[in-house]
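Counting in the UniProt record's numbering, the sequence shown runs from 1 upward without gaps. Built from N, CA and C at the ideal position, the CB exists for glycine as well. None of these values were measured; they are calculated from a predicted model.
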Amino acid sequence: MQEDDSLSDYITKLLELVNHMKAYGEETANRRIVQKLLISLSREYDSIAEVIEETNDTETISVQEVMGSLKPHEQRLQRHTEKLTEKEFSSLSVSPRDQSNTGQSGCSKSKKNWKPQKWKKGDAKSKNNSKKENEAEGAKVPCKTCDKLHYGACWFKGKPKCYKCDRFGHIAKDCRDKPAQTANYTAHKEEEGTMFYACHSAAVVQNNDVWYVDSVCSNHMTTHESLLVNIDTNVIAKIKMGTGDLVQATGKGTLVIDTKFGPRYIKEVMLVPGLDENLLSVGQMVEHGYFLFFGKSIVEIFDYSSMEHLVAKVPMTGNRCFSLSLKYVTFVAMKATVEDSTWCWHKRFGHLNMQRLRLLQQQEMVYGLPEIGSAERICQGCAMGKAHRESFGKEKTWRASEPLELIHSDVCRPMQITTIGGNRYFLTFIDDCTRMCWVYFMQYKYEVFGIFKKFKAMVELQSGYKIKRLRSERGGEYTSLEFLKFCEDVGMERQLAMAYSPQQNGVAERKKQNYC
1 MQEDDSLSDY
11 ITKLLELVNH
21 MKAYGEETAN
31 RRIVQKLLIS
41 LSREYDSIAE
51 VIEETNDTET
61 ISVQEVMGSL
71 KPHEQRLQRH
81 TEKLTEKEFS
91 SLSVSPRDQS
101 NTGQSGCSKS
111 KKNWKPQKWK
121 KGDAKSKNNS
131 KKENEAEGAK
141 VPCKTCDKLH
151 YGACWFKGKP
161 KCYKCDRFGH
171 IAKDCRDKPA
181 QTANYTAHKE
191 EEGTMFYACH
201 SAAVVQNNDV
211 WYVDSVCSNH
221 MTTHESLLVN
231 IDTNVIAKIK
241 MGTGDLVQAT
251 GKGTLVIDTK
261 FGPRYIKEVM
271 LVPGLDENLL
281 SVGQMVEHGY
291 FLFFGKSIVE
301 IFDYSSMEHL
311 VAKVPMTGNR
321 CFSLSLKYVT
331 FVAMKATVED
341 STWCWHKRFG
351 HLNMQRLRLL
361 QQQEMVYGLP
371 EIGSAERICQ
381 GCAMGKAHRE
391 SFGKEKTWRA
401 SEPLELIHSD
411 VCRPMQITTI
421 GGNRYFLTFI
431 DDCTRMCWVY
441 FMQYKYEVFG
451 IFKKFKAMVE
461 LQSGYKIKRL
471 RSERGGEYTS
481 LEFLKFCEDV
491 GMERQLAMAY
501 SPQQNGVAER
511 KKQNYC
């Protein structure tokens, strides 16, 4: 606060600074605001500031209470200044004796006794004597050294004066007064509970889908109630328009928009009647975790601080505004109706054929069953349920002519009851020529490769034949890289059944079915 600033002007500038920094999203506690306000006052308010700090708790006192204590002090200082001015003028008036002769006009006796006096040589001397008498009787004269009103010689006469603190007794380089601490806080205090609104008026056709990105608006605002959901009408707030008028908000709701990532919710949108445009507050978007970057006539809105998820890119229009077009999500309540009751009763009776349904209706075997019409289309469920796969031709089957020429293998899925050894799977190897079957138990499916190497070594040694082909399904235990590499190294042919075609490995499937 400067020496020539009034308290009202200083507080006005201070609140403007607070509102500007509030728009950038910086919050400060009320305690810090009060402390900064008391520190930044001029020297004339040191006494009242000390009283406020000693008699009040800075943790709970508000800015309005501090202002209420400072205002009377300012008025008292102004009254003292007015009295000093009156005394300066009084020192230029006539002596008190003359004032007694020239009193009020109502005194007729003084007028009657008054006579004009002639000037004499000793009048100059009498004037000097009257001046001394005035000084002796109490009339103060402004001092040429300190510019103050006092009696006698000035105490500061002949002493140096500091141009920093405007005090006597030292010079500027020896001055111990610290510069006034600047107020640096961003708390936003709304005395009347108002929010601010600024809009650039343009002669355009009003469109409910267009929202303007506004850095001055302190809250999302719209005048269209149909765009919001979950509207709370108990909200009491006043909106300060660009013209200075206060408008009462009628509610607060949520705006649901449709994006390629799904529906997004913009919360705390104020419903304000009389707005020309829809406004998106930059400050409120920052509070909700969005990041906005302005530059090159465009603003980019990101969802995360990593700047990887771009929500929207808004270019600047001809009137220097950033208009964003939004697509709203419309909530529709679907009503289910059945036009053809014939198919409804067909499904209710477990896809019973139409001939049997008509028989139930004609013989009144079901109460309430309506007349069954003709079937003009085919039921998709019945078509899929009655569909079957054609059997494989027997003339295309092939049978091995010698042992170990073809081996069928399959793994049975985990059983609900484990064995004494903790095994839940079993693996089968069936010779296509002799139908000889070997069964191995295992705890995990990844043991298939190790068991197969043991089986191959045993049967080839005992029979004297070599395993030439291995037929199995496409499970991961058979298609691992180490399994395929092992078969390539020994020259064994692999036959893998097609997906969802267990018929191609029917020998192993039937054997597994017998065991289960």
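Item                                                                                                                                                            : Value
Can you give the Cα-Cα distance for D431 and P502, rounded to whole angstroms?                                                                                  : 18 angstroms
Please list the segments of the beta strand (DSSP E) lying wholly inside the segment 25-79, counting only runs of 3 or more residues, in order along the chain. : none
Once you ignore the five residues that flank L496 on each side, which residues in its own chain have a CB closer than 6 angstroms to its CB?                    : R474
Could you work out which residue in D57, E50, K71 is closest to Y10 when comparing CA atoms only?                                                               : K71
Give the straight-line distance between the Cα atoms of G385 and T342, rounded to the nearest whole angstrom.                                                   : 19 angstroms
Let's see if you can read the secondary structure: which residues bound the alpha helix (DSSP H) around S281?                                                   : Careful: S281 lies outside any alpha helix (DSSP H), inside the beta strand (DSSP E) at 278-281.
Would you mind sorting R348 into buried or exposed? The rule is 16 or more other CB atoms within 10 Å of its CB.                                                : exposed
H224: which of K252, H388, H288, R424 sits nearest, CA to CA?                                                                                                   : K252
Mind reading off the beta-carbon distance from P414 to S463? Whole number of angstroms is fine, and I expect it under 8 angstroms.                              : About 32 angstroms; that fails the 8 angstroms criterion.
Can you pull the DSSP bridge partners for W343?                                                                                                                 : Answer by DSSP bridge pairing: none, since W343 is not bridged.
Could you spell out where the beta strand (DSSP E) holding A383 opens and where it closes?                                                                      : Here A383 belongs to no beta strand (DSSP E); instead the alpha helix (DSSP H) covers 380-386.
Measuring CA to CA, which of S281, P315, E53, I39 is closest to G25?                                                                                            : S281
Where does P263 fall in DSSP's three states?                                                                                                                    : strand
Looking at the unbroken beta strand (DSSP E) that takes in V311, where does it start and where does it end?                                                     : 310-315
At least one CB of chain C closer than 8 angstroms to the CB of F426: is that the case?                                                                         : Protein chain content of the structure displayed is limited to a single chain, and chain C is not contained in it.
Quick one: residues in its chain with C-beta nearer than 7 angstroms to the C-beta of R399, no 5 flanking neighbours on either side, listed in chain order?     : D432
Would you mind giving the Cβ-Cβ distance between A508 and S409, rounded to the nearest angstrom? I have them listed as a contact below 8 angstroms.             : 6 angstroms
Could you work out which residue in N278, L461, C162, L255 is closest to V210 when comparing CA atoms only?                                                     : N278
Just to confirm before moving on: does the CB-CB distance between A249 and L271 stay below 8 angstroms?                                                         : yes
Sort F483, T55, G283, V314 by Cα distance to N19 and report the nearest one.                                                                                    : G283
Identify every residue that forms a DSSP beta bridge with I298.                                                                                                 : G295, P315
Among T479, E493, Y446, which residue has its Cα nearest to the Cα of I467?                                                                                     : E493
According to the neighbour-count rule (16 or more other Cβ atoms, all chains shown, within 10 Å of its Cβ), is I372 buried or exposed?                          : buried
Mind checking which residues open and close the alpha helix (DSSP H) that includes M458?                                                                        : 448-463
Beta carbon of I171, beta carbon of C165: below 8 angstroms?                                                                                                    : no
What is the C-beta distance between S62 and N30, in whole angstroms, given that I count them as a contact (C-beta under 8 angstroms)?                           : 6 angstroms
In the DSSP assignment, what are the bridge partners of G251?                                                                                                   : L271
Counting beta carbon pairs with one atom in the segment 292-300 and one in the segment 308-318, are three or more of them shorter than 8 angstroms?             : yes
Considering only residues of the same chain and omitting the five flanking positions on each side of L310, which have a CB-CB separation below 7 angstroms?     : E300, F302
Would you mind giving the Cβ-Cβ distance between L255 and V269, rounded to the nearest angstrom? I have them listed as a contact below 8 angstroms.             : 5 angstroms
DSSP three-state label for L149, please.                                                                                                                        : strand
Under 8 angstroms, do I266 and H220 count as touching if we go by C-beta distance?                                                                              : yes
Could you give the DSSP three-state label for V94: helix, strand or coil?                                                                                       : Legend: pLDDT at V94 = 44, less than 50; position of this residue unreliable, value from coordinates given subsequently. Three-state result, V94: coil.
Residues bridged to L324 by DSSP?                                                                                                                               : W211
Contact defined as beta carbons within less than 8 angstroms: I believe M1 pairs with L41. What is the distance between those atoms, to the nearest angstrom?   : 5 angstroms
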